[in-house]
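Chains as they are written, first to last, in this note's numbering: chain A, 1 to 263; chain B, 264 to 526.
This report refers to the structure that appears directly beneath it.
Shown next, in the form of structure tokens:
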């Protein structure tokens, strides 16, 4: 099977112009098929404040009311997405910016209200990801650049976590491609010792994962990422890589700096 | 040759929800291949005011400074474009929202500074319109929905008039398709008598155009539209239709209400 890289960058890259420019250079240079999924960055919060829209969180999850979905549609789907696309075009990478509504690539359902009403948040309909249209883009040398927005099929845009979108796309495309899912974040990888930035664990398999869990060595923030990574691998993704955007992409075809997660 | 409709709607449709919903229903129902080009509407101005960005015009042309290009990228490329796409998806029309940077469909150059510095305004490179990628979308039953933004190929997004984008796309695709270019605006068509809303001229050919010019019967606002229309026809577009969005689309395959412009 042909290789496909699904690469997710978060606010720490989007908000930091030198890091972003370096990332985009490295990303554009990847010769294989690739998809970029981006988070939002601080600008949605900054702009929201200017417009009188205060962010509201429950359990670390942003509540998306009517004003907020408009705000993130503007910022994630407009400003951030189109600037990434225009920058990639300057690197001769034929990027095409998309939300989940465009070409119906990521249908979702508004999260049902249980204890908490998350508002306009979308849970992806995994079986309905628009694999055919994504393949059409990839086969025509277009590079999808995807904002963390989905839609409900009834005209409503929805806010969806960018990590989750990257994972859903990686899984959905794993029947057609040998998918490497890459989560770029603010550390060099999963750390053996939370106080030592250089204690990156190069490889985590399930045995190692269980051992790390038993020893309570993993920081709270990293647990869901590793859980998602194994879920993606169980669903057909070949491998998952977690680490620093520029470390990972400079070495993408050779020895990697970062944490590789394999069965 | 297969038919292709290139349809431009302006702020008067985007800003008016009942008119917009009716338009989208009619647009989605067109069985032929089609492209929608949209203007921005009042929301960019309203939002800009909230953010302290005052619109600046010279000779009726908006000056696009750095804050304004970010604003219109958010509003035109994000909010307006993605809401149109999500609404069309609800009508089972597989819309894909694009700016000129996406898939490099509309390369442009920043307008050279002569007497006036228009700022980040793009003049389309007509010979470089991404006809191949547009055909790929159209051949796969995707419906491009295009925001009035272009890019310079060096990473800079640019503001470009939506009428001009519609005309450029119509001309560029006229070698592959029998293109009907449709300008929706606030009148029922070109009026014989500016004071009589019902005095729509059903057909304007070049002879009639010269006669109307001699008689000074045309309102100032309509002159550039008709000039553009004949330019598009001279460059290969089959016909141009000018009128009210819903009148035109309800009758698109039969007798039209509006003004038809033909050689």
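Built from N, CA and C at the ideal position, the CB exists for glycine as well.
From the DSSP output, which residues share a beta bridge with residue i?
{"i": "residue 93/A", "result": "Residue 93/A is not bridged to any residue."}
{"i": "residue 5/A", "result": "34/A and 180/A"}
{"i": "residue 191/A", "result": "200/A"}
{"i": "residue 144/A", "result": "96/A"}
{"i": "residue 112/A", "result": "Paired residue(s): none; residue 112/A is not in a bridge."}
{"i": "residue 382/B", "result": "327/B"}
{"i": "residue 124/A", "result": "108/A"}
Following the continuous alpha helix (DSSP H) through residue i, name the residue where it begins and the one where it ends.
{"i": "residue 399/B", "result": "394-402"}
{"i": "residue 281/B", "result": "280-291"}
{"i": "residue 165/A", "result": "162-172"}
{"i": "residue 12/A", "result": "11-14"}
Candidates the options: which alpha carbon is nearest residue i's?
{"i": "residue 240/A", "options": "246/A, 259/A, 249/A and 223/A", "result": "259/A"}
{"i": "residue 436/B", "options": "457/B, 396/B and 340/B", "result": "396/B"}
{"i": "residue 49/A", "options": "72/A, 28/A, 34/A and 39/A", "result": "72/A"}
{"i": "residue 527/B", "options": "346/B, 483/B, 468/B and 492/B", "result": "A query on residue 527/B cannot be resolved here, the shown segment of chain B reaching from 264 to 526 and no further."}
{"i": "residue 190/A", "options": "141/A, 222/A, 161/A and 1/A", "result": "222/A"}
{"i": "residue 96/A", "options": "9/A, 141/A and 206/A", "result": "141/A"}
{"i": "residue 306/B", "options": "339/B, 292/B, 283/B and 327/B", "result": "339/B"}
{"i": "residue 387/B", "options": "406/B, 412/B and 402/B", "result": "412/B"}
{"i": "residue 513/B", "options": "286/B, 278/B, 266/B and 270/B", "result": "286/B"}
{"i": "residue 300/B", "options": "332/B, 348/B, 457/B and 464/B", "result": "348/B"}
{"i": "residue 257/B", "options": "89/A, 116/A and 104/A", "result": "Lying before the first or after the last residue shown, residue 257/B is absent from chain B, which here runs from 264 to 526."}
{"i": "residue 265/B", "options": "272/B, 425/B, 309/B and 501/B", "result": "501/B"}
{"i": "residue 450/B", "options": "423/B, 507/B and 424/B", "result": "507/B"}
{"i": "residue 225/A", "options": "5/A, 10/A and 116/A", "result": "10/A"}
{"i": "residue 344/B", "options": "232/A, 19/A, 155/A and 231/A", "result": "155/A"}
{"i": "residue 448/B", "options": "275/B, 268/B and 477/B", "result": "275/B"}
{"i": "residue 316/B", "options": "331/B, 269/B and 322/B", "result": "331/B"}
{"i": "residue 471/B", "options": "461/B, 526/B, 365/B and 337/B", "result": "526/B"}
{"i": "residue 63/A", "options": "167/A, 205/A, 160/A and 247/A", "result": "160/A"}
{"i": "residue 319/B", "options": "363/B, 383/B, 269/B and 295/B", "result": "383/B"}
{"i": "residue 168/A", "options": "102/A, 143/A and 235/A", "result": "235/A"}
{"i": "residue 314/B", "options": "303/B, 321/B and 333/B", "result": "333/B"}
{"i": "residue 509/B", "options": "288/B, 268/B, 267/B and 391/B", "result": "288/B"}
{"i": "residue 461/B", "options": "279/B, 372/B, 520/B and 291/B", "result": "520/B"}
{"i": "residue 367/B", "options": "128/A, 91/A and 163/A", "result": "91/A"}
{"i": "residue 30/A", "options": "14/A, 39/A and 94/A", "result": "94/A"}
{"i": "residue 302/B", "options": "291/B, 283/B and 493/B", "result": "283/B"}
{"i": "residue 117/A", "options": "144/A, 202/A and 58/A", "result": "58/A"}
{"i": "residue 365/B", "options": "115/A, 78/A and 114/A", "result": "78/A"}
{"i": "residue 425/B", "options": "375/B, 304/B, 295/B and 291/B", "result": "304/B"}
{"i": "residue 392/B", "options": "477/B, 444/B, 374/B and 362/B", "result": "362/B"}
How would you list, in chain order, the residues of chain B whose beta-carbon sits under 9 Å from the beta-carbon of residue i?
{"i": "residue 151/A", "result": "345, 348, 349, 352 and 353"}
{"i": "residue 213/A", "result": "Near residue 213/A there are no residues of chain B at all, since even the closest Cβ is about 40 Å away, more than 9 Å."}
{"i": "residue 154/A", "result": "349, 352 and 353"}
Would you mind telling me which residues of chain B sit closer than 7 Å to residue i, beta carbon to beta carbon, in chain order?
{"i": "residue 109/A", "result": "What residue 109/A touches in chain B: nothing, since even the nearest Cβ is about 14 Å away."}
{"i": "residue 104/A", "result": "352 and 357"}
{"i": "residue 99/A", "result": "345"}
{"i": "residue 70/A", "result": "342"}
Output, in chain order, the set of chain A residues within a Cβ distance shorter than 9 Å of residue i.
{"i": "residue 313/B", "result": "50, 51 and 52"}
Output, in chain order, the set of chain A residues within a Cβ distance shorter than 8 Å of residue i.
{"i": "residue 398/B", "result": "Those do not exist, as residue 398/B stays about 10 Å from chain A at its closest Cβ, beyond 8 Å."}
{"i": "residue 405/B", "result": "103 and 133"}
List, in order along the chain, the chain A residues whose C-beta lies closer than 7 Å to that of residue i?
{"i": "residue 457/B", "result": "Per Cβ cutoff of 7 Å: no residues; residue 457/B is ~38 Å from chain A at best."}
Quick one: give me the first and last residue of the beta strand (DSSP E) that residue i is part of.
{"i": "residue 45/A", "result": "That residue, residue 45/A, is in no beta strand (DSSP E); its alpha helix (DSSP H) goes 43-50."}
{"i": "residue 153/A", "result": "No beta strand (DSSP E) contains residue 153/A, which DSSP labels as neither H nor E."}
Chain B partners of residue i, CB-CB under 8 Å?
{"i": "residue 290/A", "result": "The structure shown does not extend to residue 290/A, since chain A is modelled only from 1 through 263, so no value can be given for it."}
{"i": "residue 157/A", "result": "345, 346 and 349"}
In chain order, which continuous runs of the alpha helix (DSSP H) of length 4 or greater are located wholly inside the region 463-525 of chain B?
Within the region 463-525 of chain B, the complete alpha helix (DSSP H) runs of at least 4 residues are 469-477, 486-497 and 508-513.
Contiguous alpha helix (DSSP H) assignments of at least 4 residues, all confined to the region 316-341 of chain B
As far as the region 316-341 of chain B is concerned, its whole alpha helix (DSSP H) runs of at least 4 residues are 329-335.
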